[in-house]
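Using mature numbering (1 follows the signal peptide of the UniProt record, and there is no 0), the letters of the sequence shown correspond one by one to residues -21 to -1, 1 to 111. Idealized CB from N, CA, C, for every residue including glycine. None of the values given here were measured: they were computed from a predicted structure. For reference, the structure discussed in these notes is given below.
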Amino acid sequence: MTFIVTLCLTVLVCALRNVAADCMDRDFDALYMRPEGEQWQQRCDTCQCKSGKIECSGGPKCDIPYDSLLRHSCLEWTDDSCCCKRKGCKANGKQYDVNEWMPMDPSGCQVCQCQEGFRGECKAFLNCMPVA
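Structure (structure tokens):
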């Protein structure tokens, strides 16, 4: 019985060590695990999962560091497409800078604050007369 319990604990600890060495990566609406040692291209960088951390190198030094959410919030890229020059939001076919208020519908009766690709605080105007 002791042998079985010890064996089970050993297997569990080894399994947890393997999971801990994996890297958690994120995309716009998903989280996923990258196994230890996996390499991939991310814009102009080569990235690798090392000891549970994602390390990227090889690309230029960017003023706005790249992360996987940046592809949704970057409004302007450098000519080589490696670095983001300006972050913000897109709504109703227009671009808005971070912290700028943007209309959420053509009536203009609801506005939300741009938070790097996402809607932040929103306000609805009572008794709003829609713009024709």
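The C-beta distance from cysteine 93 to glycine 87 rounds to 16 Å, too long to fall under 8 Å, and the pair is not in contact. Taking the C-beta atoms as reference points, methionine 83 is found no nearer than 8 Å to cysteine 68. Per DSSP, reduced to three states, the secondary structure at serine 47 is coil, with no helix or strand assignment. Taking C-beta atoms as the reference points, arginine 65 and glutamate 79 fail to come closer than 8 Å. For leucine 105, no beta strand (DSSP E) encloses it, and the DSSP letter there is neither H nor E. The beta strand (DSSP E) runs lying completely inside the stretch 52 to 80 and spanning 3 residues or more are 53 to 56, 63 to 70, 73 to 76, given in chain order. With a 10 Å radius around the Cβ and a threshold of 16 neighbouring Cβ atoms, cysteine 62 comes out buried.
Taking the C-beta atoms as reference points, arginine 22 is found no nearer than 8 Å to glycine 37. In this structure serine 52 is buried. Its beta-carbon is surrounded by 16 or more other beta-carbon atoms within 10 angstroms. Straight across, the Cα-Cα distance linking leucine 48 with phenylalanine 104 is about 31 Å. Residue environment for tyrosine 45: buried (at least 16 other C-beta atoms within 10 angstroms of its C-beta). Counting along the chain, the unbroken beta strand (DSSP E) around cysteine 26 starts and ends at 24 to 29. Taking the Cα of aspartate 58 as reference, the smallest distance to any Cα among Leu10, Cys41, Ile33 is reached at Cys41.
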